[in-house]
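In our numbering, the protein residues as written are 7 to 313. Notes follow once the structure below has been shown.
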Amino acid sequence: MRLEWLEDILAVADTGSFTEAADRRHLTPSAFSRRIQQIEDHLGVELFDRTRKPIQLKPTTDENKSEIARLVGSLRQLSTDLQRSSRLSGNRLVIASQHALTAAFTPRVLRVLQSRHAELYVRLRSANLDDCFSLLLARQADLALLYQAPDQELDESAEFLQTLTVGTDRLVPVFSATDDSLLNERFAAGQLPIIAYPNDVFLGQVMDRTILPRVRSLADAVPRVETALTLAALEFAASAIGVAWVPLSLARKELETGSLHDLSATLPSCELTITAARLNDETTKSEDLIWSLLETFPLDQTGDRPA
């Protein structure tokens, strides 16, 4: 059993609510529900009586609640001790990177960092936005690299975080360059085939708030495929399945070679801010090295630091 799973069980036991437990665990309700289901599937038993309000523990779960709490305390202490030993070594860095950044932006950061500090060992943990915050707040990551939409604030325990704007990107619509005529026919008929993102992931929320309302003023957005993976969305667009909105950094190579067209002249796009976050407490030499790099090195799409 993972420590985070045991903590999830206790959060539900303490709050009697999946929604409140999700908030305590810094997850969206849907992401938390999926994780609870994953725990129960792994164990092969139901842990909670969902027919009662507030939610109650099943008798077997309740009988083991004190043991779960003891294990959580022991594992947290073990984790703290191991992390302290690792931090003392000074040459290890754990970065939590949002999935959409991991494929294009984050490798550029690591390439420059290790060209200057070859002795540094980096562990990269690619995760969705909620899990990046969870890793950071649980001290399982030293630094998080995240996207922010124009109307979004980092509200996850902000008083405990130090943040830095390190670059900009754009969420742009792309489609196969060899199938423009097919897309134009559908668009002229009032339909736009699109690649959709789930509404409980970051880019799905950006699409719902910023992109799709503007698309619908032009045509009916018709989802053809749904995926949480930007790399998959890029491939679907290249295969002419639908228009995909992906970070410009991710599509740069395909746009330069001409296999994809950027449709921003016709369809809406939006700016994305790239933010680094770390806990606002004592830092290690490794953390300070990458923070200093992010403060001074141009890492956005244009090669310039953001204004």
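All residues carry an ideal CB built from backbone N, CA and C; glycine is no exception.
Original post:
Exposed or buried, L88, counting other C-beta atoms within 10 Å across all chains shown (16 or more means buried)?
Top reply: On the sequence shown, position 82 is the one that residue 88 refers to. Exposed, by the Cβ-count rule.
Original post:
Where do the ends of the beta strand (DSSP E) carrying E277 lie?
Top reply: Translated into the one-based positions of the sequence shown, residue 277 becomes position 271. Segment C276 to L285, the beta strand (DSSP E) holding E277.
**OP:** Would you kindly report the start and end of the unbroken alpha helix (DSSP H) that includes S265?
**Re:** In the sequence shown, counting from the first residue as 1, residue 265 sits at position 259. S265 -> no alpha helix (DSSP H), and no H or E assigned at all.
Subject >> Nearest candidate by alpha-carbon position, reference L209, set L256, Y153, R192 and V51 >> reply: Translated into positions along the sequence shown, residue 209 becomes position 203. It is Y153.
**OP:** May I ask which residues mark the beginning and end of the alpha helix (DSSP H) holding L99?
**Re:** Residue numbering aside, residue 99 sits at position 93 when the sequence shown is read from its first letter. It is not in any alpha helix (DSSP H) - L99 instead sits in the beta strand (DSSP E) that spans R98 to Q104.
Subject >> Reduced DSSP category for S245 - H, G, I as helix; E, B as strand; rest coil >> reply: As a position in the sequence shown, residue 245 is number 239, starting the count at 1. Here S245 sits in coil by DSSP.
**OP:** Identify the continuous alpha helix (DSSP H) that holds E191 and give its terminal residues.
**Re:** The residue you call residue 191 lines up with position 185 of the sequence shown. It spans D186 to A194 - the alpha helix (DSSP H) in which E191 sits, taken as one unbroken run.
**OP:** Just the C-alpha distance for R311 and T281, rounded to the nearest angstrom, thanks.
**Re:** Here residue 311 corresponds to residue number 305 of the sequence shown, with the count starting at 1. Here residue 281 corresponds to residue number 275 of the sequence shown, with the count starting at 1. Confidence at R311 is low in this model, with a pLDDT of 42, below 50, so the placement of that residue is unreliable and no value is reported for it.
Original post:
Ends of the beta strand (DSSP E) at F181?
Top reply: To locate residue 181, count along the sequence shown from 1; it is residue 175. Per DSSP, F181 belongs to the beta strand (DSSP E) from L167 to S182.
Original post:
When DSSP labels each residue in this structure, what does D310 get in the three-state scheme?
Top reply: Counted from its first residue, the sequence shown places residue 310 at position 304. At D310, the pLDDT of 42 sits below 50, so the modelled position is not reliable; the number obtained from the coordinates is stated separately. It is coil, neither helix nor strand.
Original post:
Could you give the distance in angstroms between the alpha-carbon of L63 and the alpha-carbon of D47?
Top reply: Indexing the sequence shown from 1 puts residue 63 at position 57. Indexing the sequence shown from 1 puts residue 47 at position 41. The straight-line gap from Cα to Cα measures roughly 16 Å.
Original post:
Who are the Cβ neighbours of L167 in its own chain at under 8 Å, not counting the five residues just before and after it?
Top reply: Taking the sequence shown and counting its residues from 1, the one referred to as residue 167 is at position 161. Correct list, in chain order: L142, L160, A283, R284, L285 and N286.
**OP:** Can you have a look at Q120 and say buried or exposed, based on whether 16 or more other CB atoms are within 10 angstroms of its CB?
**Re:** For this step, residue 120 is matched to residue 114 along the sequence shown. With fewer than 16 Cβ atoms within 10 Å of its Cβ, Q120 is classed as exposed.
Original post:
According to DSSP, which residues form a beta bridge with Y203?
Top reply: Residue numbering aside, residue 203 sits at position 197 when the sequence shown is read from its first letter. Under DSSP, Y203 forms no beta bridge with any residue.
Subject >> Through-space distance from S140 to Q44, alpha-carbon basis >> reply: If you number the sequence shown from 1, residue 44 lands on position 38. If you number the sequence shown from 1, residue 140 lands on position 134. Roughly 17 Å between the two C-alpha positions.
Original post:
When DSSP labels each residue in this structure, what does S270 get in the three-state scheme?
Top reply: For the purposes of this step, residue 270 is identified with residue 264 of the sequence shown, where counting begins at 1. In this structure, S270 counts as coil in the three-state DSSP scheme.
Subject >> Euclidean distance between Cα positions of N70 and K291 >> reply: Looking up residue 70 in the sequence shown gives position 64. Looking up residue 291 in the sequence shown gives position 285. One Cα belongs to N70, the other to K291, and the distance between them is close to 42 Å.
Original post:
Buried or exposed: where does Y203 fall if 16 or more other Cβ atoms within 10 Å of its Cβ makes it buried?
Top reply: What you label residue 203 is simply residue 197 of the sequence shown in a count that begins at 1. Buried.
**OP:** Could you tell me whether the Cβ atoms of I247 and I201 are closer together than 8 Å?
**Re:** Within the sequence shown, numbered from 1, the residue matching residue 247 stands at position 241. Within the sequence shown, numbered from 1, the residue matching residue 201 stands at position 195. Taking 8 Å as the Cβ cut-off, I247 and I201 qualify as a contacting pair.
Original post:
Would you report the Cα separation of P229 and P65, rounded to the nearest angstrom?
Top reply: If you number the sequence shown from 1, residue 229 lands on position 223. If you number the sequence shown from 1, residue 65 lands on position 59. One alpha carbon belongs to P229, the other to P65, and they sit about 44 Å apart.
Original post:
Does the distance from the C-beta atom of V100 to that of D68 stay below 8 Å?
Top reply: Here residue 100 refers to the residue found at position 94 when the sequence shown is read from its first residue. Here residue 68 refers to the residue found at position 62 when the sequence shown is read from its first residue. Not closer than 8 Å, so no.
Subject >> Buried versus exposed call for A194 [16 or more other C-beta atoms within 10 Å across all chains shown] >> reply: Within the sequence shown, residue 194 is the residue found at index 188, counting from 1. A194 is classed as exposed because its beta carbon has fewer than 16 other beta carbons within 10 Å across all chains shown.
Subject >> Q104 burial status per 10 Å Cβ neighbour count (16 or more: buried) >> reply: Indexing the sequence shown from 1 puts residue 104 at position 98. Label assigned to Q104: buried.
Original post:
How is E46 classed by DSSP in three states: helix, strand or coil?
Top reply: Numbered from its first residue, the sequence shown carries residue 46 at position 40. Helix at E46.
Original post:
To the nearest angstrom, how far is it from the Cα of T34 to the Cα of D206?
Top reply: Stepping through the sequence shown from its first residue, residue 34 is reached at position 28. Stepping through the sequence shown from its first residue, residue 206 is reached at position 200. Answer to the nearest angstrom: the Cα atoms are 7 Å apart.
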